[in-house]
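For reference, the structure discussed in these notes is given below.
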């Protein structure tokens, strides 16, 4: 039988951790973006010449940075030092955070992290679209559901957010937050109880539910 004090502590700490992590995920990129905008500004529509000049300035940095990152990863494997490979892998994924910024000039502010992708964009912009394959499971679920919900919403004359796709996205995000909260609470409860192996509740279905 679960002991309620330990369970309540685990749930409360899990909620606090989830809220703090969600806030940091949304707020930290915004703050960094605001700081970097002072050094790498945005450019409005039609103001292409300054944007081209900035891009030409950042292009050599992008090439050198990409070569350095690849060098770190390869060196780590050759000399069998996981630290080098890990550092290179983390640096290689930093451009992903550039997508948190919605600017006209894609390298403005925190978007400057995407300069690692400049060499790939110089080859072909289509290369980066290969990653869209990760959206296939979402599309297989979202498209049929979107058509059904669109018909339902038009029948009852209800307009929610920006449409069915927005509602479905929110449902996915809520489900993810719920699973993350439950898994963290389960892990904390197991630690409080001194369990070496947590194989109950949500951990019955997945060994790593947080992911």
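In my numbering, the protein residues as written are 26 to 236. All residues carry an ideal CB built from backbone N, CA and C; glycine is no exception.
Run through DSSP, which three-state label would residue 84 get?
Position 59 of the chain shown, counted from the first residue, corresponds to residue 84. Residue state, collapsed to three classes: helix.
Rounded distance between the beta-carbons of residue 209 and residue 228, thought under 8 angstroms:
Counting from one through the chain shown, the residue named residue 228 turns up at place 203. Counting from one through the chain shown, the residue named residue 209 turns up at place 184. 11 angstroms between Cβ atoms; not a contact.
Provide the residue span of the alpha helix (DSSP H) that contains residue 34, from first to last.
Taking the first residue of the chain shown as 1, we reach residue 34 at position 9. Per DSSP, residue 34 belongs to the alpha helix (DSSP H) from 29-61.
If the criterion is Cβ atoms closer than 9 angstroms, does the pair residue 111 and residue 101 meet it?
The count along the chain shown starts at 1 and reaches residue 111 at position 86. The count along the chain shown starts at 1 and reaches residue 101 at position 76. Going by C-beta atoms, residue 111 is nearer than 9 angstroms to residue 101.
C-alpha distance - residue 68 paired with residue 79, whole-angstrom precision
Here residue 68 refers to the residue found at position 43 of the chain shown. Here residue 79 refers to the residue found at position 54 of the chain shown. Taking the straight line joining both Cα atoms gives about 10 angstroms.
Would you kindly report the start and end of the unbroken alpha helix (DSSP H) that includes residue 67?
In the chain shown, the residue the question calls residue 67 occupies position 42. Note, residue 67: premise wrong, no alpha helix (DSSP H); not H, not E.
Measure the C-alpha to C-alpha separation of residue 29 and residue 57 and round it to an integer number of angstroms.
For the purposes of this step, residue 29 is taken as residue 4 along the chain shown, with counting starting at 1. For the purposes of this step, residue 57 is taken as residue 32 along the chain shown, with counting starting at 1. Going from the Cα of residue 29 to the Cα of residue 57 covers about 41 angstroms.
From residue 32 to residue 51, what distance separates their C-alpha atoms?
Within the chain shown, residue 32 is the residue found at index 7, counting from 1. Within the chain shown, residue 51 is the residue found at index 26, counting from 1. Between residue 32 and residue 51, the C-alpha separation is close to 29 angstroms.
Would you report the Cα separation of residue 183 and residue 92, rounded to the nearest angstrom?
Here residue 183 is taken as the residue at index 158 of the chain shown, counted from 1. Here residue 92 is taken as the residue at index 67 of the chain shown, counted from 1. Reliability fails at residue 183, whose pLDDT of 49 lies under 50, so the model's placement of it is uncertain and no value is given.
Where the alpha helix (DSSP H) through residue 132 begins and ends:
Position 107 of the chain shown holds residue 132. It is not in any alpha helix (DSSP H) - residue 132 carries neither H nor E in the DSSP assignment.
Reducing DSSP to helix, strand and coil, say where residue 104 ends up.
Residue numbering aside, residue 104 sits at position 79 when the chain shown is read from its first letter. In the structure shown, residue 104 sits in coil (DSSP, three-state: anything other than H, G, I, E or B).
Which of helix, strand or coil does DSSP assign to residue 232?
Here residue 232 is taken as the residue at index 207 of the chain shown, counted from 1. DSSP places residue 232 in coil when its eight states are reduced to three.
Using the Cα positions of residue 252 and residue 97, report the straight-line distance between them to the nearest angstrom.
No statement about residue 252 is possible, as the shown extent of the chain runs from 26 to 236 and does not include it.
Within 9 angstroms, strictly: CB atoms of residue 213 and residue 226
By one-based count along the chain shown, residue 213 stands at place 188. By one-based count along the chain shown, residue 226 stands at place 201. No, the Cβ-Cβ distance between residue 213 and residue 226 is not below 9 angstroms.
Over the uninterrupted alpha helix (DSSP H) stretch that includes residue 224, give me the two end residues.
Your numbering for residue 224 matches position 199 in the chain shown. Counting along the chain, residue 224 falls outside any alpha helix (DSSP H), and DSSP gives it neither H nor E.
By a C-beta neighbour count over all protein chains shown, 10 Å radius and 16 as the cutoff for buried, is residue 120 buried or exposed?
Position 95 of the chain shown holds residue 120. Buried.
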